[in-house]
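Going left to right, the sequence shown walks through residues 10 to 400 as our numbering numbers them.
Backbone N, C-alpha and C fix where the C-beta goes; we use that ideal spot for every residue, glycine too.
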Amino acid sequence: MAKQPIKKKDVQMLSTPESKMASIAKFKETNKLGNVKDKDLEWIVLPPAFYDAVRTPGIPKGFFSMARGLSNTGKSTIKLCLIAECQRMGILPVIYETEGNFPWDHARMCGVQFEDVTEDFVNEETGEVEKKIVDHTGFFLYYDQQILFEQYGKMDYKEGKELSKPNRKIAVLEDIAYSINDLLDKQGTDVENGEIDCEMCFIWDSVGSLPSYKSVLSKTGNNMFDAAATKQSFNTIVSNRIPLSRKETSPYSNTFFVVNKVWIDSMQMGQPKMKNSGGEGLWYAVRFCIEMGGTVTDGVAPLKATSNGKDYFFGMQTKIKVKKNHVNDITYEGKICSVPHGLWNPDKLDSYKKLHSKFLLTKLATMFNDSSIDVDGEIEIQKVGNEDDVD
10 MAKQPIKKKD
20 VQMLSTPESK
30 MASIAKFKET
40 NKLGNVKDKD
50 LEWIVLPPAF
60 YDAVRTPGIP
70 KGFFSMARGL
80 SNTGKSTIKL
90 CLIAECQRMG
100 ILPVIYETEG
110 NFPWDHARMC
120 GVQFEDVTED
130 FVNEETGEVE
140 KKIVDHTGFF
150 LYYDQQILFE
160 QYGKMDYKEG
170 KELSKPNRKI
180 AVLEDIAYSI
190 NDLLDKQGTD
200 VENGEIDCEM
210 CFIWDSVGSL
220 PSYKSVLSKT
230 GNNMFDAAAT
240 KQSFNTIVSN
250 RIPLSRKETS
260 PYSNTFFVVN
270 KVWIDSMQMG
280 QPKMKNSGGE
290 GLWYAVRFCI
300 EMGGTVTDGV
310 APLKATSNGK
320 DYFFGMQTKI
330 KVKKNHVNDI
340 TYEGKICSVP
350 HGLWNPDKLD
360 SYKKLHSKFL
370 LTKLATMFND
380 SSIDVDGEIE
390 IQKVGNEDDV
400 D
């Protein structure tokens, strides 16, 4: 039987009558349901080598993003470049360094702006007064495990209250979530009784490095406790507070970026699979994920500088890909170099040598205590690794 055409009266029945549209519009206005417009997409732009490798400008502003991969694959260099760009854009970087090894010298070479705070002390061997760096100051907030414990060590996350004295001796992952919520509560202008009148980018290196409150109290170091606590503690932040800052009605767009430790699950059928330390709870919430290196191996090729027959390994080339992108749907993979001065295109290492050969030669001369190395002379740079890593 041939399909019958829709009659005119049927078309009118399928259309929404103006009276119904008017009633719904009135309901939306009365119940304040009109705030659905997000701000235009903006990026915290990373060095050009990042775009060359993955075809995206950097880290999306106002989203929850992640970099993950095996150890020594360049994740922390991305973090440092992100901090530097936040400062340039007037976005306050809030740094959570829970692995206890923030590389201040490397950060400065990547463009992070800060000043050293020094104090005088007496050298016991020479008796002379010398200056010693005791702190760093600048446009950032910095929390390590000691600072987190000093500020939040009295928090009882089981009962949701503050104790008169700590019942633990170390920081826990819930301290970071508490800190982020506390800082977001303090965001605002003086008129609003706010203490932080600027956008913030929360940067945590790294997920999986802190135990949960329950693990510490139980003295078991239970991974299931940690995974559950990570999901519960950060759920409101990654699903509510960060995304809502993208609304046009929000005066601030806040960003959350984490470096996630990983482990390789080789017990299942098929190819080994990369899994996030601290559980998969944050993986489902992340909107933009960068994956560094390989899965079975680290997938890196060391970069070697040579002069006078002496070698200095100064960086690495690594695989990089956008593993997950719910921001603009671009997923791409390439290769990138992590070097002392940030991120570099592997095809442009000659330009890096031209700009920074004196730095590399000085490192060589210092390492080998070799005054014969001319710091203004020639240096050779090459990649060292298997064919898949180098090409």
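- In the displayed model, glycine 67 falls within a strand according to three-state DSSP.
- Secondary structure note for histidine 115: it is in no beta strand (DSSP E), and the uninterrupted alpha helix (DSSP H) holding it is 113-118.
- Glycine 217 places its beta carbon less than 8 Å from that of serine 286.
- According to DSSP, residue pairing for proline 102 in a beta bridge involves Cys210.
- When DSSP states are grouped into helix, strand and coil, valine 247 belongs to the helix group.
- Beta-bridge annotation (DSSP): glycine 279 is not paired with any residue.
- For the options Glu137, Glu51 and Ile185, the alpha carbon positioned closest to that of glutamate 106 is the one of Ile185.
- Rounded to whole angstroms, the gap between the alpha carbons of threonine 86 and histidine 335 is 23 Å.
- Of all alpha-carbon atoms in Trp113, Thr264 and Lys357, the one lying nearest the alpha-carbon of isoleucine 189 is that of Thr264.
- By the 16-neighbour rule on beta-carbons within 10 angstroms, cysteine 207 is exposed.
- One thing to note: leucine 364 has its Cβ no nearer than 8 Å to the Cβ of tyrosine 321.
- Taking C-alpha positions only, leucine 182 is separated from tryptophan 292 by approximately 16 Å.
- DSSP places lysine 167 in the coil class of the three-state scheme, outside both helix and strand.
- Residue pairing by DSSP places asparagine 334 opposite Phe297 in a beta bridge.
- Around the beta carbon of tyrosine 341, fewer than 16 other beta carbons sit within 10 angstroms, so the residue counts as exposed.
- In the DSSP secondary-structure assignment, histidine 145 is bridged to Asp125.
- Following the DSSP letters along the chain, one finds asparagine 190 inside the alpha helix (DSSP H) bounded by residues 182-194.
- Per the coordinates, the alpha-carbon of glutamate 168 lies some 54 Å from the alpha-carbon of lysine 392.
- Non-local C-beta neighbours of lysine 141 in its own chain, meaning closer than 7 Å and more than five positions away in sequence, comprise Thr127, Glu128 and Phe130, ordered along the chain.
- Counting C-beta pairs closer than 8 Å gives fewer than three between the segment 63-71 and the segment 309-326, which falls short of the contact rule.
- A contact is defined here as three or more CB-CB pairs under 8 Å, and the segment 339-353 meets this definition with respect to the segment 109-119.
- Residue pairing by DSSP places proline 311 opposite Met325 in a beta bridge.
- Put simply, the backbone Cα of lysine 313 is about 11 Å away from that of glycine 394.
- Cβ contact annotation for glycine 303 (same chain, cutoff 7 Å, sequence separation greater than five): Lys328, in chain order.
- If you compare the alpha carbons of Pro102, Ile299, Asp307 and Cys298 with that of isoleucine 273, the shortest gap goes to Asp307.
- Rounded to whole angstroms, the gap between the alpha carbons of alanine 237 and leucine 193 is 23 Å.
- In this structure the segment 81-96 does not touch the segment 370-380; the number of beta carbon pairs closer than 8 Å is below three.
- Excluding its 5 nearest sequence neighbours in each direction, glutamine 154 has C-beta neighbours in its own chain below 6 Å: Thr107 and Ala180, listed in chain order.
- Residues Glu257 of the same chain have their beta carbon placed closer than 6 Å to that of lysine 46, with the five preceding and five following residues left out of the count.
- Around the C-beta of leucine 352, 16 or more other C-beta atoms lie within 10 Å, and the residue is accordingly described as buried.
- Where aspartate 359 is concerned, the enclosing alpha helix (DSSP H) starts and stops at 358-377.
- Distances from the CA of methionine 325 to each of Val331, Lys333 and Asn354 were compared; the closest alpha carbon is that of Asn354.
- The C-alpha of glycine 279 lies about 22 Å from the C-alpha of lysine 270.
- When the Cα atoms are used, phenylalanine 36 and methionine 98 turn out to be separated by approximately 40 Å.
- Proximity to lysine 333 across Ile246, Arg77, Asn40 and Ala374 peaks at Arg77, based on C-alpha coordinates.
- Scanning Thr39, Asp385 and Lys178 for the CA closest to the CA of leucine 226 turns up Lys178.
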